[in-house]
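Going by my numbering, the first residue of the sequence shown is number -7, and it counts up by one from there.
We treat Cβ as the ideally placed atom computed from N, Cα and C, and that holds for glycine.
Quick caveat, the model's predicted, so the values are computed rather than measured.
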Amino acid sequence: MLTLLDLELGIWVTLKNNERVLIRRFRRTDGDALYDFFINGLSEQSKRLYSLQPLDWSLVQVVVSEADAPQVLRLIALRGEQIIGYAYWRQQLFNPKIPIVSIAVADSHQGLGLGRALMELLIEGAQLKGMEGLELHVFKHNHRAVTLYRKLGFKIVGDTDNGRQWIMMLWFDPYER
Ligand SMILES: CC(C)(COP(=O)(O)OP(=O)(O)OC[C@H]1O[C@@H](n2cnc3c(N)ncnc32)[C@H](O)[C@@H]1OP(=O)(O)O)[C@@H](O)C(=O)NCCC(=O)NCCS
C-alpha cells in the first residue's frame, strides 16, 4: 500500500513506450527544473490548456516557497534530471477537504499514461491526507483531459469561466453524493 513517505522518496512507473520515470514530491531544489519544464517542456497549445496565469519565474518562486506546505501536494515526474510531468492539489480556504487539482505533461510524453499515473498518485495522496474528494476545472474542448478525468471517476457538476470550462468533482465516498 502506498504511503506518504513513498511519495517523498519516489515511485517508479513504466510508460506505454516502456520508459521508466520517477514520480516524487516536488522539493525546494527543483525550481530550475520546473522553470525549464514550463519554458521548454510545454508547447504554446499545452500552456494555454494548462494555465490562465503566465508560467514564469515568479510563479516558480511561489511554488518553491511553499514546497513543504501541508496544504499542497505537488508531484513531479522525472526523466533523469528533467521534469516531464507536474501535478498538484491545493486545499481551498472555503472547502478545505476538497482540494483543487492541476496537471500538465510535457508534449514529448503526452498520451503515454503519465497523466493517469500522476492523477492516480494525487488521488491516493489526497486519500492518505484525509481529504474527501478533488475538484478541477478543464476547458470543454480539452478532450484528452476530460477523457482522463472521467476514466478516473470525476463527474461534471457545472461550468465556469463564462461557460468555457467544466467543473469536475471526484468524491472518495461514492455514497456521499
Ligand atoms: C491532459 C494531460 C494531463 C493528460 O495526460 P497524458 O499523459 O497525455 O494522458 P494519458 O496518456 O495518461 O491518457 C489518459 C487517458 O486519456 C485518453 N486519451 C489519450 N489521448 C487522448 C486523446 N487525444 N483524446 C481523447 N482521449 C485521450 C486515453 O484513453 C487514456 O486512457 P487510458 O489510461 O485508459 O489509456 C496531458 O495531455 C497534458 O498535460 N496536456 C496539456 C495540458 C493540459 O491539458 N492540462 C490539463 C488542464 S485541465
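- Looking at the backbone, the Cα of residue 145 and that of residue 134 are separated by about 17 Å.
- If you check the C-beta of residue 133 against ligand 1, you find no heavy atom less than 6 Å away.
- For residue 117, the enclosing alpha helix (DSSP H) begins and ends at 106 to 120.
- Relative to the non-hydrogen atoms of ligand 1, the Cβ of residue 45 never comes closer than 6 Å to any of them.
- Cβ neighbours of residue 23 within its own chain (closer than 6 Å, five residues either side excluded): 52 and 56.
- Following the DSSP letters along the chain, one finds residue 7 in no beta strand (DSSP E), marked with neither H nor E.
- Between residue 96 and residue 80, the gap from beta carbon to beta carbon reaches 7 Å or more.
- Here residue 126 is buried. Its C-beta has 16 or more other C-beta atoms within 10 Å.
- Taking 7 Å as the cut-off, the beta carbon of residue -4 is found closer than this to the beta carbon of residue 120.
- Residue pairing of residue 163 in beta bridges, as defined by DSSP: 125.
- Residue 16 carries a strand assignment under DSSP once its states are collapsed to helix, strand and coil.
- Between ligand 1 and the CB of residue 42, the shortest heavy atom gap is smaller than 6 Å.
- In the DSSP assignment, residue 43 forms no beta bridge with any residue.
- DSSP links residue 56 through a beta bridge to no other residue.
- Straight across, the Cα-Cα distance linking residue 71 with residue 159 is about 31 Å.
- Around the beta carbon of residue 86, fewer than 16 other beta carbons lie within 10 angstroms, which makes this residue exposed.
- Distances between the C-beta of residue 147 and the heavy atoms of ligand 1 are all 6 Å or more.
- Here the alpha carbon of residue 1 sits roughly 10 Å from the alpha carbon of residue 18.
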